[in-house]
Amino acid sequence: MFGDLPKVLEAAAPLIELALREDLGPGDLTSEALIPAEAEGRAVLLAKAAGIVCGLPICAEVFRRVDPRLRFLAQAQDGEPVAPGDEVAEVAGPLRGILAAERTALNFLSRLSGIATLTFQFVKAVANYPVVVLDTRKTTPGWRVLEKYAVRCGGGRNHRFGLYDRVLIKDNHLAYVGSVGEAVRRARGVGPVAVEVRDLEELRAALDAGAAWILLDNMDLPTLRRAVALAKGKAFLEASGGITLARAAEVAATGVDAISVGALTHSAPALDFSLEVQA
């Protein structure tokens with residue numbers, strides 16, 4: 136539903152290995168001292184706050200990696216809303232394995248669910264307008280595929296994944312080339328061109344040069360409205376720069392086609408979950 140899950144799991148695999156090495160090291164001293172190797176158990180994963188769950192398939196992989204004998208059963212699907220106390224999954228099998236995987240699994244789940252939840256809040260805030268909520272490349276190094284998956288689970292859409300999949304002319308490119316129009320003309324042979332503009336003069340130059348996608352960077356509301364009127368549908372208009380949840384609706388109301396929000400991935404608070412062993 137939210138993209139190619141096998142690719143997400145492939146991207147998660149080295150992160151899971153790294154996280155388990157970081158947390159487990161040579162072994163779980165406490166569990167090995169207190170719990171017999173043959174002890175079996177069952178635990179449930181519980182939501183402790185309201186939000187959008189994301190990362191359950193990755194949790195399953197964490198438990199499988201720690202001990203293939205563990206049986207993980209998701210009781211929710213990524214992208215679904217959860218409330219405090221909701222049981223989102225259960226895991227059964229060797230108790231030492233459950234406890235060894237606990238923190239790593241919860242860290243993935245909390246981080247990705249936090250991103251999905253914040254994205255959903257932005258999407259809900261602009262629901263009355265024909266505007267899409269986009270993420271950015273401001274992601275945790277190594278986590279981009281996972282974090283952009285979480286944005287999709289929250290109802291947002293992905294901007295470009297990297298420097299390799301879309302032309303996007305920004306201020307530092309313009310500082311070298313010298314003008315918006317010339318930069319767009321130079322890049323046109325590579326594919327559809329997106330360009331960042333800071334004022335209406337640069338917007339006119341981008342439109343005249345045939346830019347297909349224009350980022351309206353840090354413009355106030357009156358300027359955004361004038362930009363929409365000036366473009367007259369000739370280019371896809373994206374408002375970017377400092378768009379908070381409180382401002383999202385008023386920015387969307389200007390008539391832009393999209394808002395991009397770096398905070399979706401760089402500042403989303405974790406959504407709290409716990410794992411509780413059942414007696």
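Numbered by our numbering, the letters in the sequence shown go through residues 136 to 414 in order.
Virtual Cβ for every residue (Gly too), placed ideally from N, Cα, C.
From the DSSP secondary-structure annotation, give me the bridge partner or partners of TRP348. Per DSSP, ALA329, PHE371.
Which of the three DSSP states is assigned to GLY228 in this structure? In the structure shown, GLY228 sits in a strand (DSSP, three-state: E or B).
For PRO216: DSSP bridge partner residues: DSSP, once it has assigned bridges, lists ILE187 as partnering PRO216.
Please classify SER409 as buried or exposed, where buried requires at least 16 neighbouring CB atoms within 10 angstroms. Exposed, because fewer than 16 other Cβ atoms sit within 10 Å of the Cβ of SER409.
How would you label LEU359, buried or exposed, when you count the other beta carbons within 10 angstroms and need 16 or more for buried? In this structure LEU359 is buried. Its beta-carbon is surrounded by 16 or more other beta-carbon atoms within 10 angstroms.
If I follow the unbroken beta strand (DSSP E) through LEU269, where does it start and stop? Taken as a continuous stretch (DSSP letters only), the beta strand (DSSP E) holding LEU269 covers 267-269.
Compare the Cα-Cα distances from GLN212 to each of ALA178, ALA184, SER248, ALA236 and report the closest residue. Of ALA178, ALA184, SER248, ALA236, the residue nearest in Cα terms is SER248.
Nearest-angstrom Cα separation, counted from HIS401 out to VAL268: Straight-line Cα distance between these residues: approximately 15 Å.
If you run the structure through DSSP and keep just helix, strand and coil, what is GLY376? Look at GLY376 here: in three-state DSSP terms it is coil, with no helix or strand label.
Contact under 8 Å by Cβ, LEU155 with THR275: Taking 8 Å as the cut-off, the Cβ atoms of LEU155 and THR275 do not count as close.
Count Cβ pairs between the stretch 221-241 and the stretch 193-202 that sit closer than 8 Å; are there 3 or more? Short answer: they touch.
Who does ALA178 pair with in a DSSP beta bridge? Note: ALA178 sits in a beta bridge opposite VAL226, VAL412.
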